[in-house]
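Shown next, in structure tokens, is the structure this report addresses.
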Amino acid sequence: MDTQLDDLIIRDLLVPLTNRFLARLKVQIDERKRENWLEIYLAMFIMMSNVRWIKDIVAMTSWKA
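To convert a position in the sequence shown, counted from 1, into our numbering, add 1156.
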């Protein structure tokens, strides 16, 4: 049951939000305006930090298994 709920949340909520976020970020990057640099930088920094965090967790759990 828990796995099914996770799948529903990921498929119906997180995937559309991720796609919308990435589309908006791409639009801002393609505009090439100086006013957008801080927002783009922060968005990229947060995304890369989350990827690093997830990578560390996957490495830790795969090592323990």
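Cβ atoms here follow ideal geometry from the backbone N, Cα and C, with glycine treated the same way. Please read these numbers as outputs of a predicted model, since none were measured by experiment.
Query raised in the report: Under a three-way DSSP split, which group does R1188 fall into?
Result: As a working mapping, residue 1188 is identified with position 32 in the sequence shown. Three-state DSSP puts R1188 in coil, outside helix and strand.
Query raised in the report: Any idea what DSSP makes of M1216, helix, strand or coil?
Result: Residue 1216 sits at position 60 when you count from the first residue of the sequence shown. M1216 falls in the helix class under three-state DSSP.
Query - Beta-carbon separation (whole angstroms), I1196 vs L1181, contact threshold 8 Å - result: Residue mapping note: residue 1196 aligns to position 40 of the sequence shown, counting from 1. Residue mapping note: residue 1181 aligns to position 25 of the sequence shown, counting from 1. Indeed, because the Cβ distance is near 7 Å, the residues count as touching under 8 Å.
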